[in-house]
Amino acid sequence: MVREISYAEALNEALREEMERDNRVIVFGEDVGVFGGVYKVTKGLLEKFGAERVRDTPISEAAIVGAAIGAALAGLRPVAEIMYMDFITIAMDQLVTHAAKMRFMSGGQVSLPMVVRTQYSLGRVHGCQHSQFLASWFLNVPGLKVVLPGTPKDAKGLLKSAIRGEDPVLFVESGVLYSWKGPVPEDEYLIPIGQADIKRKGSDLTIVAFSRTVRESLAAADRLAAEGIDAEVVDLMTLNPMDFKTLVDSVKKTNRFLVADDSTKTGGISAEVISRIVEEAFDYLDAPPVRVNSPDLPVPFAQPLENQYLVNADKICEAARRLVH
Numbered sequence: 616m617v618r619e620i621s622y623a624e625a626l627n628e629a630l631r632e633e634m635e636r637d638n639r640v641i642v643f644g645e646d647v648g649v650f651g652g653v654y655k656v657t658k659g660l661l662e663k664f665g666a667e668r669v670r671d672t673p674i675s676e677a678a679i680v681g682a683a684i685g686a687a688l689a690g691l692r693p694v695a696e697i698m699y700m701d702f703i704t705i706a707m708d709q710l711v712t713h714a715a716k717m718r719f720m721s722g723g724q725v726s727l728p729m730v731v732r733t734q735y736s737l738g739r740v741h742g743c744q745h746s747q748f749l750a751s752w753f754l755n756v757p758g759l760k761v762v763l764p765g766t767p768k769d770a771k772g773l774l775k776s777a778i779r780g781e782d783p784v785l786f787v788e789s790g791v792l793y794s795w796k797g798p799v800p801e802d803e804y805l806i807p808i809g810q811a812d813i814k815r816k817g818s819d820l821t822i823v824a825f826s827r828t829v830r831e832s833l834a835a836a837d838r839l840a841a842e843g844i845d846a847e848v849v850d851l852m853t854l855n856p857m858d859f860k861t862l863v864d865s866v867k868k869t870n871r872f873l874v875a876d877d878s879t880k881t882g883g884i885s886a887e888v889i890s891r892i893v894e895e896a897f898d899y900l901d902a903p904p905v906r907v908n909s910p911d912l913p914v915p916f917a918q919p920l921e922n923q924y925l926v927n928a929d930k931i932c933e934a935a936r937r938l939v940h
């Protein structure tokens, strides 16, 4: 049976189900317990599982990620929360130098089954220090999986897979999607990490999206369809590892593509996607690929300025028209 629940509720269900299934799964972070999480993703978990498995922590991102590494090495399956993605900078040494390298440093003798959940608040008028989308930084960190669900169904299925895996996962959520409702199966299901998903089939161009831009891309595709442009929307879902085969197959069919990316244009995720497609499918392209990115600026605080800053359906439609015509 399928019902409609919000992105935040889907994440909460994933945590609850995995904690019920495996008593090694623990949750900790700032305000995740008594308060139920700033965005209520961990609501009710403290009451159900107790303070031994759901713990509020001090405001120290380095300590939170460091504790997750230690817990995973000790045989637990920690899910640590970093309240805003901007604050991941405080834990870069723990995440990049230690968590991502542990399997390699031990010659494969040690696994590190830990998840670091975080969210970026781009689109919520939270200012430049609470809205940064930094996922592209981690494309250059082998050993760390990076997951960006764009729908409630994907959020639940990917989080469950991340918790059950044997490697560290940076699980990046979109704060603006927490209230977005969508169909989520009631029955048990998992979504594999490292596999893209075609959210909408099309023949005229491919729109590559992930996280918040999935919703914008689907809205753009509906508008374009009314104009006679048939857009295919491919949701990457996972940045590391990235499913280039699905992207290449789509581009070979449509011969045109654009990337809708919340990263800033310089050094963003779209740059990596485009370079790989050009390497592997250049002969199939009928037009130069297009990037629809955030500008190379800090995120504005004033709402009218942030609205101009955001990647949205209008900008995606405009880029798609240029590609096709």
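Here the sequence shown stands for residues 616 to 940, numbered as in the numbering used here. The beta carbon of each residue, even a glycine, is placed where N, CA and C say it ideally should be. Treat the numbers as computed from the prediction; the structure is a model and nothing was measured.
Residue(s) in a DSSP beta bridge with residue i
i    : result
L785 : V731, V761
I942 : Because the chain is modelled from 616 through 940, residue 942 falls outside the range shown and cannot be assessed.
V725 : DSSP, once it has assigned bridges, lists no residue as partnering V725.
V587 : In the structure as shown, the chain starts at 616 and stops at 940, and residue 587 therefore has no counterpart that could be examined.
S832 : S832 pairs with nothing; no bridge assigned.
A824 : D850
I697 : T733
V748 : Checking the displayed sequence, the identity of residue 748 turns out to be Phe instead of Val. Partner(s): none; F748 has no beta bridge.
D812 : D850
Minimum C-alpha distance to residue i - residue among the options
i    : options                : result
S818 : I844, P798, F748, A625 : I844
G651 : V640, R639, A928, A666 : A666
G722 : G758, Y735, R739       : G758
I884 : L854, V866, D911       : L854
L873 : L912, A928, P915       : A928
F748 : M700, V849, M616       : M700
G809 : M857, F825, A677       : M857
G685 : I705, A714, E696, S675 : A714
K771 : D837, I620, E933, A935 : I620
F664 : A682, L630, V680       : L630
Y924 : C743, V694, I778       : C743
T946 : F859, N627, I674, V711 : Because the chain here runs from 616 to 940, residue 946 falls outside it and cannot be looked at.
L727 : A689, L691, D782       : D782
R838 : F702, C932, T704       : C932
V725 : V731, A689, E803, K760 : A689
Q918 : G882, F859, H741       : H741
G765 : R827, V926, A841, S865 : R827
D646 : P915, A840, E676       : E676
D864 : A875, V893, A886       : V893
A750 : F702, Y899, K655       : F702
P904 : R891, E662, G780       : R891
G882 : K796, N638, W752, V926 : W752
Contacting residues, own chain, Cβ-Cβ under 7 angstroms from residue i (five flanking each side not counted)
i    : result
F719 : G758
V939 : D819, L820, I844, R871
S776 : L805, I806, P807, I808
P913 : C743
Buried or exposed (CB count within 10 angstroms, at least 16 for buried), residue i
i    : result
R830 : buried
D877 : buried
H745 : buried
L660 : buried
L920 : exposed
R906 : buried
A934 : buried
Contact test: residue i Cβ vs the ligand ZN heavy atom, cutoff 7 angstroms
i    : result
A840 : Summarising the ligand content, the structure contains no ligands, and the ligand ZN is consequently not present.
CB of residue i within 8 angstroms of CB of residue j, strictly
i    : j    : result
E847 : T861 : no
V762 : L773 : yes
V669 : V640 : no
P767 : V787 : no
L792 : Y622 : yes
P693 : M729 : yes
G644 : I674 : no
I889 : V849 : no
A687 : V731 : no
A875 : S909 : no
Same chain only: Cβ atoms within 6 angstroms of residue i, ignoring 5 sequence neighbours per side
i    : result
G790 : Q734, S736, R739
G681 : Q709
F897 : none
A836 : R815, A846, V848
C-beta neighbour in chain B for residue i, strict 8 angstroms
i    : result
G681 : Looking at the structure shown, chain B is missing, and only one protein chain is on hand.
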